[in-house]
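Note that the numbering used here has the sequence shown beginning at 57, numbered continuously upward. Note that beta-carbon positions come from the ideal geometry of N, C-alpha and C, so glycine has one too. Predicted, not measured: the structure shown is a model, and the values here were computed from it. Here's the structure we're looking at; comments come further down.
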Amino acid sequence: MRRPPYPVRTKPYGTAFLELARERPEIVCLSGDLTRQCEIDLFQAEFPERFVHAGMAEANMMGVAGALARSGHLPFVHTFGVFATRRAYDQIANAIAYPALPVRIIGFMPGVSTPGGPSHQAIDDVALMRALPNMTVVDVADAVETAQVARAVADLPGPVYVRLKRGEIPVVFDDGHRLSLQHAEVLARGIDVALFSSGMMLATTLAAARTLEEAGVSVSVVHVPTLKPLDGATVREVAGGVRALVTAENHSVVGGLGSAVAETLAEAGIGRPLRRIGIQDTFAEGSLTAPYLFERYGLSVRHVVEAAWSALDRPGPAPETPDTPETTTGSGAYSPV
57 MRRPPYPVRT KPYGTAFLEL ARERPEIVCL SGDLTRQCEI DLFQAEFPER
107 FVHAGMAEAN MMGVAGALAR SGHLPFVHTF GVFATRRAYD QIANAIAYPA
157 LPVRIIGFMP GVSTPGGPSH QAIDDVALMR ALPNMTVVDV ADAVETAQVA
207 RAVADLPGPV YVRLKRGEIP VVFDDGHRLS LQHAEVLARG IDVALFSSGM
257 MLATTLAAAR TLEEAGVSVS VVHVPTLKPL DGATVREVAG GVRALVTAEN
307 HSVVGGLGSA VAETLAEAGI GRPLRRIGIQ DTFAEGSLTA PYLFERYGLS
357 VRHVVEAAWS ALDRPGPAPE TPDTPETTTG SGAYSPV
């Protein structure tokens, strides 16, 4: 595991997806008029005969993907997450999820990682996709996992929805890390509070854990790349060994990681204080920078630390926090759009 400032990589998904396509001739690539933005211009340049430009017609694109899957192809569909889920939900449900077809839906720019305002911010995509039977939902954390995710989901049964950040992606894990879609990964063990995070909130959660440890709090950190099916066994095991839990997600607190963890705890009869870091049932606004939005809507290191402090009922104010990982990237800057 690296420590900030994190280096960055560009187009880790697009590069790895092209490598996989060279090995798997059944893969076809669909674009919803966001080819360069979704890193699949690399695929289009090398395999134009396997590339489908569906235009700004996401609902039709999902129907085409379902038909291609029925014909023996392995479709990977690419657009921004908000357009992949809200705009085409009925077509995904009926043409892909109901027949359990092997379509991989890659949704870029999750949550408030885009400054494009509520029309572009996929703050409810996990909730929508979790609700669909047969659907697997994946939210990877960094450039290492982003480079591995296409291969990891290629042979899963049924449809898959993947959330991806685009642009310059931080490298949090060491290169030897391997993405597991079957198990949540316990990155640290403690006895006071457990921090569960998904997607690009991992760097924030790790920074919060360091701040809490320095203040004398023993912290478990759990990375949850697969939100459905959730690794309930790991959630129960970790929760049973701590006094409180905090979930952190770049998504609404309604229907995402926090809801999934709460459901697991309730069904298992595990009574622990739980705080959910995420977008608090509101639409966000636009901004020139993602860090402003993460702070504005309660997704910063400070918010995670304060939530853990509150859940543990510690006296006095929560410890002060450093700058968030979004503002301490080693080189370059996160692509804003």
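Original post:
In terms of residues, what are the limits of the beta strand (DSSP E) holding F132?
Top reply: L130 to F136 is the span of the beta strand (DSSP E), which, as asked, contains F132.
Original post:
Could you give the distance in angstroms between the alpha-carbon of H233 and the alpha-carbon of I225?
Top reply: Cα-Cα distance, rounded: 16 Å.
Original post:
For P169 versus N306, is the C-beta distance shorter than 8 Å?
Top reply: Strictly speaking, residue 169 in this sequence is Ser, with Pro absent from that position. Yes, the pair counts as a contact, with Cβ atoms nearer than the cut-off.
Original post:
Nearest-angstrom Cα distance between F339 and R331?
Top reply: Those two C-alpha atoms are separated by around 20 Å.
Original post:
Exposed or buried, which one is S87 when buried takes at least 16 other CB atoms within 10 Å?
Top reply: Buried, by the Cβ-count rule.
**OP:** Check L74 in the structure and name its three-state DSSP category.
**Re:** Looking at L74 - three-state DSSP - the assignment turns out to be helix.
Original post:
Can you give, in chain order, each stretch of the alpha helix (DSSP H) that sits fully within the stretch 149 to 186 and has at least 4 residues?
Top reply: Every alpha helix (DSSP H) stretch that sits fully inside the stretch 149 to 186 and reaches 4 residues is listed by chain position as 181 to 186.
**OP:** With V303 as the anchor, note down where its beta strand (DSSP E) starts and where it stops.
**Re:** The residue you asked about is not Val; residue 303 is Thr in the sequence shown. Element bounds for T303: A300 to S308.
Original post:
With a cut-off of 8 Å, do at least 3 Cβ pairs link the stretch 260 to 275 to the stretch 200 to 211?
Top reply: A contact is defined here as three or more CB-CB pairs under 8 Å, and the stretch 260 to 275 fails this definition with respect to the stretch 200 to 211.
Original post:
To the nearest angstrom, how far is it from the Cα of L286 to the Cα of T320?
Top reply: Straight-line spacing of the CA atoms in L286 and T320 works out to 9 Å.
Original post:
For A156 versus G119, is the C-beta distance shorter than 8 Å?
Top reply: Cβ atoms of A156 and G119: not closer than 8 Å.
Subject >> Endpoints, the beta strand (DSSP E) within which H109 is located >> reply: Its beta strand (DSSP E) spans residues F107 to H109.
**OP:** Answer yes or no: do V228 and R58 have a C-beta to C-beta separation smaller than 8 Å?
**Re:** Result yes, Cβ atoms of V228 and R58 sit closer than 8 Å.
Original post:
Hey, is the stretch 88 to 106 in contact with the stretch 67 to 76, meaning 3+ C-beta pairs nearer than 8 Å?
Top reply: Contact between the stretch 88 to 106 and the stretch 67 to 76 is present, because at least three Cβ pairs lie under 8 Å.
Original post:
Relative to the alpha-carbon of R292, which residue among A316, V275 and E269 has its alpha-carbon at the smallest distance?
Top reply: Cα-wise, what sits closest to R292 is A316.
Subject >> Inter-residue Cα distance where the pair is G312 and P371 >> reply: In this structure, the straight-line span from the alpha carbon of G312 to that of P371 is close to 30 Å.
**OP:** Counting only runs of 3+ residues fully inside the stretch 330 to 386, write out the beta strand (DSSP E) ranges in chain order.
**Re:** Here the runs fully enclosed are 330 to 335.
Original post:
Would you say the stretch 106 to 125 touches the stretch 145 to 156, given that touching needs at least three Cβ pairs under 8 Å?
Top reply: With three or more CB-CB distances shorter than 8 Å, the stretch 106 to 125 counts as touching the stretch 145 to 156.
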